[in-house]
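Step one of this worksheet: look at the structure below.
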Amino acid sequence: MVSQTSTGHQSFNNLHIKKKGILECDKHTLVTHIAVLHHSSALLVKYSTGHDGQPGWFLPNDDLHHLEHPDQAAKRILKEHVGVEDATLKLVEVESFVGNNETWHLIFDYLAFPRTMKVSTGPTVSDAKWFEIDKLPSAEEFAHHGWGKSVLLKHALAKAQSAATM
48 MVSQTSTGHQ SFNNLHIKKK GILECDKHTL VTHIAVLHHS SALLVKYSTG
98 HDGQPGWFLP NDDLHHLEHP DQAAKRILKE HVGVEDATLK LVEVESFVGN
148 NETWHLIFDY LAFPRTMKVS TGPTVSDAKW FEIDKLPSAE EFAHHGWGKS
198 VLLKHALAKA QSAATM
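Numbering (the numbering used here), first residue to last: 48 to 213.
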């Protein structure tokens, strides 16, 4: 059922169109996270807009746009947030949980392997920095109580172990 909200947005059951192509749902959250790795370094970002209302370091991430495939979202995020246009992407995990906002979250975790370490920050990113995997900021310096660090370490260590067995 389509209706108009008090803020002028169109509503489809639990979905609300905020702007062209962007849906907001009060029941679900679909997100793509990207662990960007180059040799033994990982790229972390800080968002200028208080991303998720959280300060600290993040893996580059964003909500999926309406009808956007997670692979396309990963490419968009790399380009728009950190200026990376040439990277190999690999979906490594899909997470599901109820988030702090009481919506069901479906998180698509990717590894990205860019050809270079050259980055440029997009309009929502206040800082982007490469860190050696063994010299990452503390969990307290990450958003969401270090969740991004634990995801990054899990996938970076798995990548290193699989490379060692090849």
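No residue lacks a Cβ here, since even glycine has one placed at the ideal position from N, Cα and C.
Being a predicted model, the structure only gives us computed values, none of them experimental.
- By the criterion of a C-beta distance shorter than 6 angstroms, E127 is surrounded in its chain by G169, once the five residues flanking it on both sides are discounted.
- For R162, same chain residues with a beta-carbon under 6 angstroms away, outside a window of 5 residues either side, are D133 in chain order.
- By the C-beta density criterion, H116 is exposed, having fewer than 16 other C-beta atoms within 10 angstroms.
- By the CB criterion at 7 angstroms, T79 and T150 fall outside the cutoff.
- Listed in chain order, the beta strand (DSSP E) runs fully inside the stretch 81-140 are 88-94, 108-110, counting runs of at least 3 residues.
- Under the three-state reduction of DSSP, E142 is assigned to strand.
- In this structure, Q101 and A190 form a Cβ contact; the two beta carbons are roughly 4 angstroms apart against a cut-off of 8 angstroms.
- Between the alpha carbons of N148 and L199 lies a distance of about 23 angstroms.
- Per DSSP, the unbroken beta strand (DSSP E) holding E179 starts and ends at 172-179.
- By the neighbour-count criterion, in which a residue is buried when 16 or more other Cβ atoms sit within 10 angstroms of its Cβ, D109 is buried.
- D73 is not bridged by DSSP to any residue.
- With respect to E179, S87 sits close: the two C-beta atoms are nearer than 7 angstroms.
- Less than 7 angstroms separates the beta-carbon of A121 from that of I81.
- Judged by DSSP secondary structure, A159 falls within the beta strand (DSSP E) whose first and last residues are 151-161.
- Shown here, V166 sits in coil according to DSSP, grouped into three states, outside any helix or strand.
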